[in-house]
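Chains P and Z, in that order, are what the protein sequence lines are.
The first sequence lines up with residues 0 to 248 when you count with numbering that gives the first Met the number 0.
The second sequence lines up with residues 0 to 248 when you count with numbering that gives the first Met the number 0.
Protein chains: 2
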Amino acid sequence: MRFQTFHHNGRQACGDCPIRHRAVCSRCDDDELALLDQAKFYRSFEAGQTIALSGERMDFVASVVSGIATLTQTLEDGRRQMVGLLLPSDFVGRPGRDHAAYDVTATTDVVMCCFRKARFETIMQDTPRIGQRLLEMTLDELDAAREWMLLLGRKTAREKIASLLVILARRDAALRAQGAATRASFDLPLTREAMADYLGLTLETVSRQISALKRDGVIGLVGTRRVDVPDMRRLIDEAGDDSDGGMPF
Amino acid sequence: MRFQTFHHNGRQACGDCPIRHRAVCSRCDDDELALLDQAKFYRSFEAGQTIALSGERMDFVASVVSGIATLTQTLEDGRRQMVGLLLPSDFVGRPGRDHAAYDVTATTDVVMCCFRKARFETIMQDTPRIGQRLLEMTLDELDAAREWMLLLGRKTAREKIASLLVILARRDAALRAQGAATRASFDLPLTREAMADYLGLTLETVSRQISALKRDGVIGLVGTRRVDVPDMRRLIDEAGDDSDGGMPF
DNA sequence: CGGCCTTTTTGATCCACGTCAATGCTGACA
DNA sequence: TGTCAGCATTGACGTGGATCAAAAAGGCCG
Chain P
0 MRFQTFHHNG RQACGDCPIR HRAVCSRCDD DELALLDQAK FYRSFEAGQT
50 IALSGERMDF VASVVSGIAT LTQTLEDGRR QMVGLLLPSD FVGRPGRDHA
100 AYDVTATTDV VMCCFRKARF ETIMQDTPRI GQRLLEMTLD ELDAAREWML
150 LLGRKTAREK IASLLVILAR RDAALRAQGA ATRASFDLPL TREAMADYLG
200 LTLETVSRQI SALKRDGVIG LVGTRRVDVP DMRRLIDEAG DDSDGGMPF
Chain Z
0 MRFQTFHHNG RQACGDCPIR HRAVCSRCDD DELALLDQAK FYRSFEAGQT
50 IALSGERMDF VASVVSGIAT LTQTLEDGRR QMVGLLLPSD FVGRPGRDHA
100 AYDVTATTDV VMCCFRKARF ETIMQDTPRI GQRLLEMTLD ELDAAREWML
150 LLGRKTAREK IASLLVILAR RDAALRAQGA ATRASFDLPL TREAMADYLG
200 LTLETVSRQI SALKRDGVIG LVGTRRVDVP DMRRLIDEAG DDSDGGMPF
């Protein structure tokens, strides 16, 4: 097995390659993928910037190389719900279609690996392997979305916060190629408001629940953005999940 | 265009075929799919029955031929969240993997078209076209899931109910191959409890909001399970969506 | 260091929805 | 016809989280 899971939703990435691009990095697999290598180009975005995937003469399929971006949906009156976190190796932009009613925004500085949509489609035609990989990734994404639906529909504010922290802790551990430790410490890559948009809460509630978890000794805070988890087990319990970690970390 | 959209989440089905199985029906496409035809077999389930996709010597990938089934996730303490509605043409059971932490339950009597998982995988290998179709369907499903996340995270109870009714109305219209009408009338295929599980509400709230919509003249009820929508436009407004119908009905 | 801006925390209050409990409705069956 | 079992509705009440408002804590830059 040369692929390792490193993503909060179980998506697989190439473990050998610093880019960690399962479906894109040509170093990680057979010659078929060399095609992709020739077609790709890079773009970078600053934190806070909106990432436009379609414009005049520009329709992309892209995948994140580094940094974090978010996918957000908005109601007319301004209510916002984040529906996806784009982490390195994630794809965005639908190969076959024009759609995309999502805002894509860079949370940190982001580098994306882009393909012109039309070009990408022909490559997919010629290289079934790529389609298979995309299918795998999309199924993972779907599983993650469904887990998130459970969170949004049925969890309490406290459980929501705990769940998010667990996910971030796991992702952090995975990025640094560490196994499951009972103690963990990591930076929050999101503002309270972004967390709220993700969890279907208000930023005040997010802040209050984080304070509560701190007061109860479940987490410690260093400044406002760094979290220390003395006992991972305890945090996971707070998340209310049956999964003691479906993810193999 | 021989495929028509008929599903609430925009999934495409073969319009020429009564089975409406885009990815399964061999009549609807090139010879490649004949392979699938040989490998498939059918099973049927009664309303209320749990659909087991894996057991001793039985690992399926299956797709719904007729009837409605639901995908549900459960928390230890019994809180339930429905995460998917399986309608004719929908697939369930992950081709490549063993997972599936979902309850699959028949809502009405259901007929499913099944493939042994291993067999299905080899067919996919040999027939890239099938993989491409599954990718399309999965992407549609993902879009639907994301829309649902917006609903779960940010909509009020009344908006949730209205959204669900709009979806059911559209699906009904599509199944009967009718276009968008301003007046509509259809049966609810779900109990109040199932609606609650789907919307992240309690059954009491569902009942109350339906009563409220009726009181306000947005809908009419015939008995308890049949809904009459005098003005579709109005119901859609109640749903709070920006989309005046992203679906082309 | 001091001013300015953004993010975060905290408090007071409100209300949408959950909870608990009673009642009604419908259909199956003897 | 009565009884029973499942939905469904309705009411009374409590509460988790939203809302509104203000203070505190960081950056950032002169």
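Ideal Cβ positions, reconstructed from N, Cα and C, are used throughout, including at glycine.
Query	Result
Look up residue 77 of chain P in the DSSP assignment and say whether it is helix, strand or coil.	coil
Return the CA-CA distance between residue 235 of chain Z and residue 201 of chain Z, expressed in angstroms with no decimal places.	22 Å
Within a Cβ cutoff of 6 Å, which residues of the same chain sit near residue 58 of chain P, ignoring the five residues on either side of it in sequence?	116
Is the beta carbon of residue 80 of chain Z closer than 8 Å to that of residue 148 of chain P?	yes
Can you tell me whether residue 238 of chain P is buried or exposed? The criterion is at least 16 other CB atoms within 10 Å of its CB, across all chains shown.	buried
Under 8 Å, Cβ to Cβ, is there at least one residue of chain P near residue 93 of chain Z?	yes
Can you have a look at residue 82 of chain P and say buried or exposed, based on whether 16 or more other CB atoms are within 10 angstroms of its CB?	buried
Under 8 Å: do the region 103-110 of chain P and the region 219-231 of chain P share three or more Cβ pairs, one atom per stretch?	no
Using 8 Å as the threshold, is the region 178-187 of chain Z in touch with the region 158-168 of chain Z, meaning 3 or more CB pairs across them?	yes
Under a CB-based cut-off of 8 Å, is residue 82 of chain P close to chain Z?	yes
Compare the Cα-Cα distances from residue 74 of chain Z to each of P:75, P:158, P:78 and P:163 and report the closest residue.	P:158
For residue 72 of chain Z, does the three-state DSSP call read helix, strand or coil?	strand
Give me whichever residues DSSP pairs with residue 115 of chain Z in a beta bridge.	Z:59
Considering just the uninterrupted stretch of the alpha helix (DSSP H) at residue 128 of chain P, what are its terminal residues?	127-153
Return helix, strand or coil for residue 248 of chain Z, following the three-state DSSP convention.	Since pLDDT at residue 248 of chain Z reaches only 30, below the 50 mark, its modelled position is unreliable, and the value read off the structure follows with that caveat. The answer is coil: DSSP assigns residue 248 of chain Z none of H, G, I, E or B.
According to a CB-to-CB cut-off of less than 7 Å, which residues of the region 138-167 of chain P neighbour chain Z?	138, 140, 141, 144, 145, 147, 148, 149, 151, 152 and 153
Taking only beta carbons into account, state which residues of the region 125-136 of chain Z come closer than 8 Å to chain P, listed in chain order.	127, 130, 131, 133, 134 and 135
Between residue 44 of chain P and residue 109 of chain P, is the Cβ-Cβ spacing less than 8 Å?	yes
Considering just the uninterrupted stretch of the alpha helix (DSSP H) at residue 183 of chain P, what are its terminal residues?	Premise fails: residue 183 of chain P lies in the beta strand (DSSP E), 183-186, not in any alpha helix (DSSP H).
Taking the CB atoms as reference points, tell me whether residue 52 of chain P and residue 38 of chain P lie closer together than 8 Å.	no
Roughly how many angstroms separate the alpha carbons of residue 173 of chain P and residue 226 of chain Z, rounded to a whole number?	50 Å
Sort Z:41, Z:144 and Z:78 by Cα distance to residue 199 of chain Z and report the nearest one.	Z:78
Could you pull the start and end residues of the beta strand (DSSP E) that residue 221 of chain Z belongs to?	219-221
Quick check on the burial criterion: 16 or more other C-beta atoms within 10 angstroms. Buried or exposed for residue 72 of chain P?	buried
Chain Z partners of residue 178 of chain P, CB-CB under 7 Å?	In chain order: nothing, as chain Z lies at least about 21 Å away.
Look at the Cβ atom of residue 86 of chain P, then the Cβ atom of residue 64 of chain P, and state whether they are nearer than 8 Å.	no
Could you check whether residue 41 of chain Z and residue 112 of chain Z sit closer than 8 Å to each other, using their CB atoms as the reference points?	yes
Identify which residue in P:223, P:195, P:190 and P:233 has its Cα closest to the Cα of residue 46 of chain P.	P:190
Thinking just about the alpha-carbon of each residue, which of Z:136, Z:161, Z:141 and Z:140 is nearest to the one in residue 212 of chain Z?	Z:161
The region 189-220 of chain Z: which residues have C-beta closer than 9 Å to a C-beta of chain P, in chain order?	196, 197, 198, 199 and 200
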